[in-house]
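Below: the structure, in structure tokens.
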Amino acid sequence: MAETEGQNNQVRVAFRIGYLGSSFYGSQFQPHHRTVEGEIRQACIRAGLFTDTREGRLAFSGRTDRGVHARDQIIAFSTPYPDRARRALPGQLPPDIWVEAFCEVPECYSPRRDVITRTYRFYYADKPGDLELMRSAAALCLGRHDYSCFARMEPGKDPMRSITTLNVHEESDCYWLEVSAQSFLWHMVRSMAAALSRVSTGQTSLQELEVMLTGRCNNKMRPAPPDGLILWEITDELPWRRVPPLNRTFRLHADAAAEHRLMARVHQLLSPGLDFGSV
Numbered sequence: 001m002a003e004t005e006g007q008n009n010q011v012r013v014a015f016r017i018g019y020l021g022s023s024f025y026g027s028q029f030q031p032h033h034r035t036v037e038g039e040i041r042q043a044c045i046r047a048g049l050f051t052d053t054r055e056g057r058l059a060f061s062g063r064t065d066r067g068v069h070a071r072d073q074i075i076a077f078s079t080p081y082p083d084r085a086r087r088a089l090p091g092q093l094p095p096d097i098w099v100e101a102f103c104e105v106p107e108c109y110s111p112r113r114d115v116i117t118r119t120y121r122f123y124y125a126d127k128p129g130d131l132e133l134m135r136s137a138a139a140l141c142l143g144r145h146d147y148s149c150f151a152r153m154e155p156g157k158d159p160m161r162s163i164t165t166l167n168v169h170e171e172s173d174c175y176w177l178e179v180s181a182q183s184f185l186w187h188m189v190r191s192m193a194a195a196l197s198r199v200s201t202g203q204t205s206l207q208e209l210e211v212m213l214t215g216r217c218n219n220k221m222r223p224a225p226p227d228g229l230i231l232w233e234i235t236d237e238l239p240w241r242r243v244p245p246l247n248r249t250f251r252l253h254a255d256a257a258a259e260h261r262l263m264a265r266v267h268q269l270l271s272p273g274l275d276f277g278s279v
């Protein structure tokens, strides 16, 4: 389609993106801080995809906190120029945000509502204690529970969530949990990661964890640090088309990442061109 033909017709487009969260104050726009949404807004404006953010209706499949990374995040916005969006957006983004795939979607499409499951991984900086005890704790979290004790609750939010998979993995000196659900509460995954770690070291018992999963607690579980958390995968049924990666790396962050073992691991996991199916 020639660009002149679409100037009065908005087309909804979606992108699968990833980002290294180290230098962002989260994904959600904040006027006085660097955020993933802020960078994408400016990239779209520079590319001439929209001039008014309300007109563009930029939306994310999920919010990530300050310092949290994404291997697979979905964004969607409306523009008269879908072909230009596919060609131009990757080159307008900073080195710590990249594009993996693209597709056109219905005008009513919402990346927050129209996904099947979200999967997170949390990588531990140090080896947990008893891994088998940790796996027993993970099994208790499966199914539907009240996560009031594991989340920063927002007004009107239902604390009930259904966990479909939760596994603890180890490979060489690397330890991580992987959890999937249709949706999560704010700080929920990091708090679950902290809870399982505490069970593995005997600081929290399986019985105490069971009680917390009913929503009863004197003190909420304190979330684990954000730098180990990755929004790993989003499952949907869209007809994605792969976008060739740009020939560049995270130059702004490579040196700093190399100084920290966990961040070096995250940097490796998120680097474009790697086989994301293996760790």
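Residues 1 to 279 (the numbering used here) make up the sequence shown, in order.
A virtual CB, placed ideally from N, CA and C, is assigned to each residue, including glycine.
As the structure is a prediction and not an experimental result, all values here were calculated from the model.
When you compare only the Cα positions, how much space is there between V211 and Q28?
-> 33 Å
Who pairs with I97 in a beta bridge, going by DSSP?
-> Y19
DSSP-derived helix/strand/coil call for S110 | coil
Where R16 falls, given that 16 or more other Cβ within 10 Å makes a residue buried | buried
Pair every Cβ in the stretch 35 to 50 with every Cβ in the stretch 85 to 92, then say whether three or more of these pairs are closer than 8 Å.
-> yes
Paired residues, beta bridge with G143 - DSSP | I163
Does the Cβ-Cβ distance between S61 and R112 come in under 8 Å?
-> yes
Could you check which residue in L270, P245, P244 and L238 has the C-alpha nearest to that of I116?
-> L238
Could you check the C-alpha separation between S197 and Q207 for me, to the nearest Å?
-> 15 Å
Counting pairs of beta carbons, one from the stretch 180 to 194 and one from the stretch 154 to 168, are three or more of them closer than 8 Å?
-> yes
Determine the burial state of A139: buried for a count of at least 16 other Cβ atoms within 10 Å of its Cβ, exposed for fewer.
-> exposed
Residue(s) in a DSSP beta bridge with N60 = Here residue 60 turns out to be Phe, not Asn, going by the sequence shown. In DSSP, F60 forms a bridge with I75.
Whole-angstrom distance between S205 and L269, CA atom to CA atom | 32 Å
Return the bridge partner residues of R242 from the DSSP annotation.
-> A101
Would you tell me roughly how many angstroms separate the C-alpha atoms of N219 and R63, rounded to the nearest one?
-> 24 Å
Environment of G228 [buried if 16+ CB atoms lie within 10 Å] | buried
Based on the DSSP output, what are the partners of C174 in its beta bridges?
-> E171
How about R366 and Y147: do their beta carbons lie closer than 8 Å?
-> In the structure displayed, the chain extends from 1 to 279; residue 366 sits before or after that span and is not available.
Where do the N-terminal and C-terminal ends of the beta strand (DSSP E) with L231 fall, by residue?
-> L229 to T235
Just how far apart, CA to CA, sit M188 and R34?
-> 24 Å
Can you tell me whether D130 is buried or exposed, with buried defined as 16 or more other CB within 10 angstroms of its CB?
-> exposed
Is the beta carbon of I75 less than 8 Å from the beta carbon of A14?
-> yes
Indicate whether W240 and T119 have their beta-carbon atoms separated by less than 8 Å.
-> no
Pull up the distance between the alpha-carbon of G143 and that of L213, whole angstroms please.
-> 11 Å
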